[in-house]
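Visitor:
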Amino acid sequence: MAGRRKRVPKQYHQVHQLAFSPLFFQAAMAARNMGVLAAVDAAKVEGIVPADVAQRAQVSPYAARVLLEGCLALQLVALEAGRYRITDAGKLWLFDKMTNVNANFVQDICYAGAARLEDSLRTGKPAGLGVFGDWSTIYEGLAQLPPTAQTSWFDFDHFYSDGAFPLAFPRVFASRPRQLLDVGGNTGKWALHCLAQDSEVEITVLDHPGQVTRLMQNAVAAGLEARLRTVALDLLDHDRPFPTGYDVVWMSQFLDCFGEPDITRLLERGAAALVPGGRLCIMEAFWDRQPNDVAELCLQGTSLYFSCMANGTSRMYHSQDLLELIASAGLRVVSDEPIGHSHTLLTCVA
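Going by the numbering used here, the residue at position 41 of the sequence shown is 54; the numbering climbs one at a time, nothing skipped.
1) Output the residue ranges of the alpha helix (DSSP H) runs that lie fully inside the region 240–326 and measure 4 residues or longer, sorted by chain position.
2) Looking at C-alpha atoms only, which residue of Q27, C84, V28, L241 is the closest neighbour of V49?
3) Please classify S165 as buried or exposed, where buried requires at least 16 neighbouring CB atoms within 10 angstroms.
4) In angstroms, rounded to a whole number, what distance separates the CA positions of T315 and H221?
5) Round the Cβ separation of A43 and L80 to the nearest angstrom and send it over; I've been treating them as touching at under 8 Å.
6) At which residues does the alpha helix (DSSP H) containing Y173 begin and terminate?
7) Which of helix, strand or coil does DSSP assign to S348?
8) Using C-beta distances below 7 Å, list every residue in its chain close to R96, excluding the 5 sequence neighbours before and after it, in chain order.
9) Which residues does DSSP pair with H356 in a beta bridge?
10) According to DSSP, is D195 helix, strand or coil?
11) I want to know whether the region 259–279 touches the region 220–238 - three or more CB-CB distances under 8 Å.
12) Can the beta-carbon of A204 be found closer than 8 Å to that of D195?
13) Rounded to a whole number of angstroms, what is the C-alpha to C-alpha distance between E82 and S73?
14) Would R45 be called buried (16 or more neighbouring beta carbons within 10 Å of its own) or exposed?
15) Closer than 6 Å by C-beta to S348: which residues in its own chain qualify, once you throw out the five before and the five after it? Chain order, please.
16) In whole angstroms, give me the CA-to-CA distance for E337 and V21.
17) Would you say A245 and V261 are within 8 Å of each other, going by their C-beta atoms?
18) Between which two residues does the beta strand (DSSP E) containing A91 stretch?
19) Taking all protein chains shown into account, do 16 or more other C-beta atoms lie within 10 angstroms of the C-beta of P190, making it buried, or fewer, making it exposed?
20) Rounded to whole angstroms, what is the Cα-Cα separation between R98 and K57?
21) Check R69 in the structure and name its three-state DSSP category.
22) Here's a check: name, in chain order, each residue in its chain whose Cβ is nearer than 6 Å to the Cβ of H356, leaving out the five neighbours to either side.
23) Are the region 107–121 and the region 157–175 touching by the rule of at least three beta carbon pairs closer than 8 Å?
24) Using beta-carbon positions only, say whether L280 and L208 come within less than 8 Å of one another.
25) State the Cα-Cα distance for the pair P183 and Y259, rounded to the nearest angstrom.
26) Is the separation between the beta-carbon of F319 and that of S327 shorter than 8 Å?
27) Here's a check: name, in chain order, each residue in its chain whose Cβ is nearer than 7 Å to the Cβ of G283, leaving out the five neighbours to either side.
28) What is the DSSP secondary structure of E213, reduced to helix, strand or coil?
29) Anyone know if the C-beta pair for S133 and G290 falls short of 8 Å?
30) Spell out the partners DSSP gives I151 in its beta bridges.
31) Enumerate, from N- to C-terminal direction, the unbroken beta strand (DSSP E) stretches of 3 or more residues contained entirely within the region 93–127.
32) Within 10 angstroms of its Cβ, does Y25 collect 16 or more other Cβ (buried), or is it exposed?
33) For L134, write down the residues that DSSP places opposite it in a beta bridge.
34) In whole angstroms, what separates the C-alpha of Y69 from that of A76?
35) For M14, collect the residues of the same chain with a Cβ closer than 6 Å to its Cβ; drop the 5 residues on either side in sequence, then sort them by chain order.
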């Protein structure tokens, strides 16, 4: 009989779990994708033995055992009298939408390139991006990513913005803008929402060529292309001004994609695009303004994605950092209000 287990300090367990965390993450993904956790969940409170898991999930007994034991270490399953049962954390790993969006994003976008994080931080370039292609930023290559990676990237991006758009719309459109410039409009979720809600507004979207092509396809499918114009450009070409004459310049989850010097230049170009009395509206998720520590953790993790995969220079910002950059660009914040659970809407004037 084994001797009594010795208790070790909590932090000792923490650092060793961290040391093995890449392997445990892959085990959790495999257990989810191969049906091992689903088999345990289906057994309910009665639990299930490894041989039956292997049969139900149609995996080898070896695969069932190593995945179950990996999930046991992660407390996704519990073991009692030789039978495994699902835990609350295991149910979240299987069924929680936010958890799945984050896990798929890390697996399909970040994981292979994350080993180059140190190189990225030393060079200021996204060294991990080379696993996908020879681009200077991920945004240039979004349209060329493998389908699974593309889906996971857009699912992640949209999950954290789609719910905020309907809440931001009445605030942005309270002054009835007739011309709106959407900088970094991506697939057009915001632009199409505005066009559908306001029958008079005309919108111009600036983004990389692959994104504006996809955006226009989405607009045509929705029958909203008549009042939409797209301009393909390299947003980091600061010698190229934005088109002018806009009541509102909109930047949503956009500035966090750039380093501080580029943010200042982008804000200056945005301000120059406004008509007198126009407003520059920024919607961002600031890590210091999150409602709980889980949301804060997710944003701090996202900063590491920016470092190794996206561009090597940007991050999810502390609110004070961005407020200082706004001031350095000659803009003044006239409204600072929370939007939904995670976002802040900053309304600025020149």
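Cβ coordinates follow ideal geometry from the N, Cα and C atoms, glycine included.
Guide: Looking at the atomic coordinates:
1) Entirely contained in the region 240–326, the alpha helix (DSSP H) runs reaching 4 residues are, in chain order, 273–285, 306–318.
2) Counted from its first residue, the sequence shown places residue 49 at position 36. Nearest option by C-alpha distance: C84.
3) The count along the sequence shown starts at 1 and reaches residue 165 at position 152. By the neighbour-count rule (16 or more Cβ atoms within 10 Å), S165 is buried.
4) The sequence position of residue 315 within the sequence shown is 302, counting from 1. The sequence position of residue 221 within the sequence shown is 208, counting from 1. Taken atom to atom, the span from the alpha-carbon of T315 to that of H221 is near 22 Å.
5) One-based indexing of the sequence shown puts residue 43 at position 30. One-based indexing of the sequence shown puts residue 80 at position 67. That belief holds up - the Cβ atoms of A43 and L80 are roughly 6 Å apart, short of 8 Å.
6) Position 160 of the sequence shown holds residue 173. For Y173, no alpha helix (DSSP H) run applies, since DSSP gives it neither H nor E.
7) Residue 348 sits at position 335 when you count from the first residue of the sequence shown. If DSSP states are grouped into helix, strand and coil, S348 belongs with the strands.
8) The count along the sequence shown starts at 1 and reaches residue 96 at position 83. Closer than 7 Å at Cβ, skipping near neighbours: G60, I61, V62.
9) As a working note, residue 356 is residue 343 in the sequence shown. H356 is bridged by DSSP to I352.
10) Within the sequence shown, numbered from 1, the residue matching residue 195 stands at position 182. Three-state result, D195: strand.
11) No, they do not touch.
12) Counting from 1 along the sequence shown, the entry for residue 204 is found at position 191. Counting from 1 along the sequence shown, the entry for residue 195 is found at position 182. Note that the C-beta distance between A204 and D195 is below 8 Å.
13) Here residue 82 is taken as the residue at index 69 of the sequence shown, counted from 1. Here residue 73 is taken as the residue at index 60 of the sequence shown, counted from 1. Counting only the Cα atoms, S73 lies some 14 Å from E82.
14) Here residue 45 refers to the residue found at position 32 when the sequence shown is read from its first residue. By the 16-neighbour rule on beta-carbons within 10 angstroms, R45 is buried.
15) Walking along the sequence shown from the start, residue 348 turns up at place 335. If we look at S348 and ignore the five residues flanking it on each side, its Cβ neighbours are T360.
16) As a position in the sequence shown, residue 337 is number 324, starting the count at 1. As a position in the sequence shown, residue 21 is number 8, starting the count at 1. E337 and V21 have their alpha carbons spaced roughly 45 Å apart.
17) What you label residue 245 is simply residue 232 of the sequence shown in a count that begins at 1. What you label residue 261 is simply residue 248 of the sequence shown in a count that begins at 1. Cβ distance not < 8 Å, so A245 and V261 don't count as in contact.
18) As a first step, residue 91 is located in the sequence shown; it is residue number 78 there, counting from the start. Per DSSP, A91 belongs to the beta strand (DSSP E) from 90–93.
19) Residue mapping note: residue 190 aligns to position 177 of the sequence shown, counting from 1. P190 should be labelled buried.
20) The residue given as residue 98 occupies position 85 in the sequence shown. The residue given as residue 57 occupies position 44 in the sequence shown. Those two C-alpha atoms are separated by around 7 Å.
21) The residue you call residue 69 lines up with position 56 of the sequence shown. Three-state result, R69: helix.
22) Walking along the sequence shown from the start, residue 356 turns up at place 343. A177, M296, A298, listed in sequence order.
23) These segments touch.
24) Reading the sequence shown from its first residue, position 267 is the one you call residue 280. Reading the sequence shown from its first residue, position 195 is the one you call residue 208. Taking 8 Å as the cut-off, the beta carbon of L280 is found no closer than this to the beta carbon of L208.
25) Taking the sequence shown and counting its residues from 1, the one referred to as residue 183 is at position 170. Taking the sequence shown and counting its residues from 1, the one referred to as residue 259 is at position 246. Between P183 and Y259, the alpha-carbon positions lie close to 18 Å from each other.
26) For the purposes of this step, residue 319 is identified with residue 306 of the sequence shown, where counting begins at 1. For the purposes of this step, residue 327 is identified with residue 314 of the sequence shown, where counting begins at 1. With a cutoff of 8 Å on beta-carbon distance, F319 and S327 are scored as near each other.
27) Here residue 283 refers to the residue found at position 270 when the sequence shown is read from its first residue. These residues qualify, in order along the chain: V196, F255, V262, M264, L293.
28) The residue you call residue 213 lines up with position 200 of the sequence shown. Here E213 sits in coil by DSSP.
29) Here residue 133 corresponds to residue number 120 of the sequence shown, with the count starting at 1. Here residue 290 corresponds to residue number 277 of the sequence shown, with the count starting at 1. No. Outside cutoff.
30) For the purposes of this step, residue 151 is taken as residue 138 along the sequence shown, with counting starting at 1. In the DSSP output, where bridge partners are listed per residue, I151 has none listed.
31) Those beta strand (DSSP E) runs which fall completely within the region 93–127 and span 3+ residues are 96–99.
32) Counting from 1 along the sequence shown, the entry for residue 25 is found at position 12. By the neighbour-count rule (16 or more Cβ atoms within 10 Å), Y25 is not buried but exposed.
33) The sequence position of residue 134 within the sequence shown is 121, counting from 1. For L134, which the question treats as bridged, DSSP gives no partner whatsoever.
34) The count along the sequence shown starts at 1 and reaches residue 69 at position 56. The count along the sequence shown starts at 1 and reaches residue 76 at position 63. In the sequence on display, residue 69 carries Arg and not Tyr. The straight-line gap from Cα to Cα measures roughly 12 Å.
35) On the sequence shown, position 1 is the one that residue 14 refers to. Below a pLDDT of 50, predicted positions are generally treated as unreliable, and M14, at 47, falls in that range; no measurement from the model is reported.
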